[in-house]
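Novice: Just so we're aligned, residue 1 is where the sequence shown starts under UniProt numbering, counting upward by one.
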Amino acid sequence: MEKMPSGFDQLIKLQTLSDFVVGEGDGHLIRELKNLSNLRGNFRLSGLENVNGQDAREAKLNEKLGIDVLELRWGTYLKNNTRKKEVEERVLEFLCPQKKVKQLIIANYGGAKFSTWIGNPSFQNLSSLKLRNCKNCKSLPSVGRLPLLKDLSIFGFDQVQKIGVEFFGENELNPFASLEILSFVSLPNWKEWDSCEGDEKVLKFPNLRKLSINACPQLLGRLPTHVSSLQILEIDGCRRLVVSISSFPTLCELSIRGCAEVVDDRSSPANEVSSLQTLSLSNISKFNIPADRIMLRFGNSEHFRIVGWEELASLSQHGLSFVGHRFITIEYCPQLHSLETEEAKLQPDKISHVESLVIGGCGRLNRLPKFLLELTFLTVMKIYHCLGLVSFAGNNLPPNLKKLHILGCTNLEYLVDEIEDNKSMSSTLCLLEDLKIEWCGSLMSLSLKGHKNICNQLQCLQITHCLKLSCLFSNIMFPITLKHLKIDGCPELEYIAEEFEETACLESIRIESSGIKSLPRRLDKLFHLQEIRLRKCSNLVSFEESELLSINLRAFSADGCGNVGALPKCMVSITSLRHLCVFDCSADISFPSEGFPANLTSLEISNAPKIYRSPVEWGLNRLTSLQHLVIGGGGCSNVVSFPEEGIGMMCLLLSPLSAFQILRIWNSCSPGAFKTSPLFKN
1 MEKMPSGFDQ LIKLQTLSDF VVGEGDGHLI RELKNLSNLR GNFRLSGLEN VNGQDAREAK
61 LNEKLGIDVL ELRWGTYLKN NTRKKEVEER VLEFLCPQKK VKQLIIANYG GAKFSTWIGN
121 PSFQNLSSLK LRNCKNCKSL PSVGRLPLLK DLSIFGFDQV QKIGVEFFGE NELNPFASLE
181 ILSFVSLPNW KEWDSCEGDE KVLKFPNLRK LSINACPQLL GRLPTHVSSL QILEIDGCRR
241 LVVSISSFPT LCELSIRGCA EVVDDRSSPA NEVSSLQTLS LSNISKFNIP ADRIMLRFGN
301 SEHFRIVGWE ELASLSQHGL SFVGHRFITI EYCPQLHSLE TEEAKLQPDK ISHVESLVIG
361 GCGRLNRLPK FLLELTFLTV MKIYHCLGLV SFAGNNLPPN LKKLHILGCT NLEYLVDEIE
421 DNKSMSSTLC LLEDLKIEWC GSLMSLSLKG HKNICNQLQC LQITHCLKLS CLFSNIMFPI
481 TLKHLKIDGC PELEYIAEEF EETACLESIR IESSGIKSLP RRLDKLFHLQ EIRLRKCSNL
541 VSFEESELLS INLRAFSADG CGNVGALPKC MVSITSLRHL CVFDCSADIS FPSEGFPANL
601 TSLEISNAPK IYRSPVEWGL NRLTSLQHLV IGGGGCSNVV SFPEEGIGMM CLLLSPLSAF
661 QILRIWNSCS PGAFKTSPLF KN
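(1) For P188 and D158, which I take to be in contact (beta-carbon distance under 8 Å), what is that distance rounded to the nearest angstrom?
(2) For a test of the three-state rule: what should DSSP assign to C570, helix, strand or coil?
(3) What would DSSP say about F596, mapped onto helix, strand or coil?
(4) Which of helix, strand or coil does DSSP assign to H318?
(5) To the nearest angstrom, report how far apart K517 and Y495 are at their CA atoms.
(6) Strictly by DSSP, which residues pair up with W309?
(7) With DSSP as the reference, label I289 as helix, strand or coil.
(8) Based on Cα-Cα distance, which residue from S280, K370, R297 lies nearest to E331?
(9) Helix, strand or coil: which one does DSSP assign to V45?
(10) For L458, which three-state DSSP category applies?
(11) Measuring straight from C-alpha to C-alpha, what distance separates G27 and D68?
(12) By the 10 Å Cβ neighbour count, where 16 or more other Cβ atoms means buried, how is I12 classified, buried or exposed?
(13) Our contact map puts A59 next to L33 with C-beta atoms below 8 Å; I'd like the distance itself, whole angstroms only.
(14) Going by C-alpha to C-alpha distance, which of S274, F248, T250, K191 sits closest to G221?
(15) In three-state DSSP terms, what is M295?
(16) State the start and end residues of the unbroken beta strand (DSSP E) segment that holds L92.
(17) In terms of residues, what are the limits of the alpha helix (DSSP H) holding Q15?
(18) Helix, strand or coil for N214? Go by DSSP, reduced to three states.
(19) Can you give the Cα-Cα distance for P5 and F20, rounded to whole angstroms?
(20) What is the rounded straight-line gap between the Cα of S18 and the Cα of P141?
(21) Helix, strand or coil for A107 per DSSP?
(22) Once you ignore the five residues that flank Y384 on each side, which residues in its own chain have a CB closer than 6 Å to its CB?
(23) Could you have a look at A56 and say whether DSSP puts it in helix, strand or coil?
(24) Give me the Cα-Cα distance between V541 and I509, rounded to the nearest whole angstrom.
(25) Using 8 Å as the threshold, is the C-beta distance between D236 and A260 below it?
(26) Tell me the DSSP secondary structure of L657 in three-state form.
(27) Express the C-alpha separation of S186 and L339 in angstroms, rounding to a whole number.
(28) Just the C-alpha distance for V640 and S538, rounded to the nearest angstrom, thanks.
(29) Just grab the DSSP bridge partners of D559 for me.
(30) Using C-beta distances below 7 Å, list every residue in its chain close to residue 684, excluding the 5 sequence neighbours before and after it, in chain order.
(31) Can you name, in chain order, every residue of its own chain whose Cβ lies under 6 Å from the Cβ of F287, other than the five neighbours on each side?
(32) Look up G360 in the DSSP assignment and say whether it is helix, strand or coil.
(33) What does K382 pair with, by DSSP beta-bridge criteria?
(34) Mapping the DSSP letters down to three states, classify I487 as helix, strand or coil.
(35) If the criterion is Cβ atoms closer than 8 Å, does the pair L182 and L146 meet it?
This is the structure we're talking about:
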């Protein structure tokens, strides 16, 4: 919307108007709001850069008693525009809302100062105030006097260099009495925050629960210290700021991404227990907390996250460890080479509580910690872009690990390395259910040797873009619990396993862009198998005649398997089959002479030169449940006419249009191929 039409002054009963847009040259139209005294709920005024002070006065915004949420929005303020600060200051002055407004948003305001009504304690119901992109304001309004203000957001103030007593309110003894959430974002020139802590008579931020400071690179010094109620502290992109965690005794969540220093400068009693539950550290220039106090401050945090800490070489360097944490994430620490810690040796009972471990983007990390086997509660693990890893585990996998995802570890050769003591195999509990390995170009096998029980509980296996993988289950028996198998981009993989167990639970097989020559034997024993999808498997030639006899197979597709010359004759006997797709296979591919399974609902065929045979020969007249038919590709480009033999049967097939939903013939025949066919006359 660029502007509103005229005539709004006649809608005197209008109650809901989400946005009134003032267009360029139409500033006078804002006067039409004068008679809309029944407006209520949320209301936004946009395009205020096109309004002058007198027009704003005539809008009578202060008489709209039903408006609860008000947004005043100017257009984006550009440096080379001709907007006048004085005009916008008068407009804001005359757009004072009614005193019971609950939420107020001011965006892109171009004045140099705010109106006195903002921050007036007479606005006793105002609970949320958001000031956004007020580029010319050099100071903040005195909003500390608002008695019920709970949420305050300051965003995009380029000219502000200092925040001090004017923010709290002159002579205000209890500023921000109700404030719970305070956010500063993108104040590029803010250097000083004078929290007036020298005046002990003034009680500041008594109820503040969350403080966020983001993208304030010039901010010096320290944060306010006496904020006893603070639970969430977020610091991001404040490279000159010093953060003292001892100032916030009730802190539950701490996230620091870039600051000058983290300190703990208050002596705490030995029996003091930290309330911290979530800890996230990133790019800290100086981590100045004594190692003997790390456990006291961080030891009870369930979520432990280190991201983008460029100087971090090892956890023990700063006394950090896995001890006491349940969910651990360590990402993008380019110098990190070791996860070993002394606490792991001293407190193995506490380190075992880890349930989830994510490690990524740590290129120098060449081995995982030896205590991995002691993480008896670990169930989920993800490793990605750790180029130094050659094997995932030196002996066994963590005993209760259920989900493992390895991505982009290009030097990984084995999932589990060689075992020196074969007796240790018996200790493996092997509860892995979900294994996903992607873009690991050096992977050759899941294990070097041994470990036949490594996957005894596996239910989902996905191998993607592992260019050197030559065998999947060579020394390992195929896991009978596996339900979903997906292989993509493994050109050297020739076979999965020799045969399937009769008790196997496999439900789906998806293989793409791989060197598979044949599927394992005894496919007919997979009573749970419902889906086989093969794509770009150029080495695959054919199927054993009895291999597809599964009582539950519902979908079969072969796409881009250029050497597959024939579908098995037993195909017609698979009564459960509903979807059949054969695309871009051998040019001489032959279909079963017995026809297709009678219960097919979807049939897609391409690149078959004999595709124009009689529908009776195809057996299409038997497919009474068919709803989706696609004939495509270039295999029958020389056909000049669809044969009329059996055309009556075809017409009978396609006549119940309510059941037949899709007929698609594409890129198949010459333009005149169907001109003479009675099937297509109508």
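From the three backbone atoms N, C-alpha and C, an ideal C-beta is built for every residue, glycine too. Note that the structure is a prediction, hence the values are computed from the model and not measured.
Specialist: Straight from the coordinates:
(1) 6 Å
(2) helix
(3) coil
(4) helix
(5) 7 Å
(6) The partner list for W309 (beta bridge, DSSP) is empty, contrary to what the question assumes.
(7) coil
(8) S280
(9) Looking at the sequence shown, residue 45 is not Val but Leu. Of the three classes helix, strand and coil, the one that applies to L45 here is strand, per DSSP.
(10) coil
(11) 24 Å
(12) exposed
(13) 4 Å
(14) K191
(15) helix
(16) Taken as a continuous stretch (DSSP letters only), L92 belongs to no beta strand (DSSP E), being part of the alpha helix (DSSP H) at 85 to 94.
(17) Neither: Q15 is in no alpha helix (DSSP H) and is coded neither H nor E.
(18) strand
(19) 10 Å
(20) 27 Å
(21) strand
(22) G360, L407, G408
(23) helix
(24) 17 Å
(25) no
(26) Caution is warranted here: a pLDDT of 39 is assigned to L657, below 50, making its placement in the model unreliable, and the coordinate value is therefore given only provisionally. In the structure shown, L657 sits in coil (DSSP, three-state: anything other than H, G, I, E or B).
(27) 35 Å
(28) Here the model assigns V640 a pLDDT of 43, short of 50, so the residue's position is not dependable and the matter cannot be decided.
(29) R535, F583
(30) Residue 684 is absent from the model: the chain starts at 1 and stops at 682.
(31) V262, H318
(32) strand
(33) V358, H405
(34) strand
(35) no
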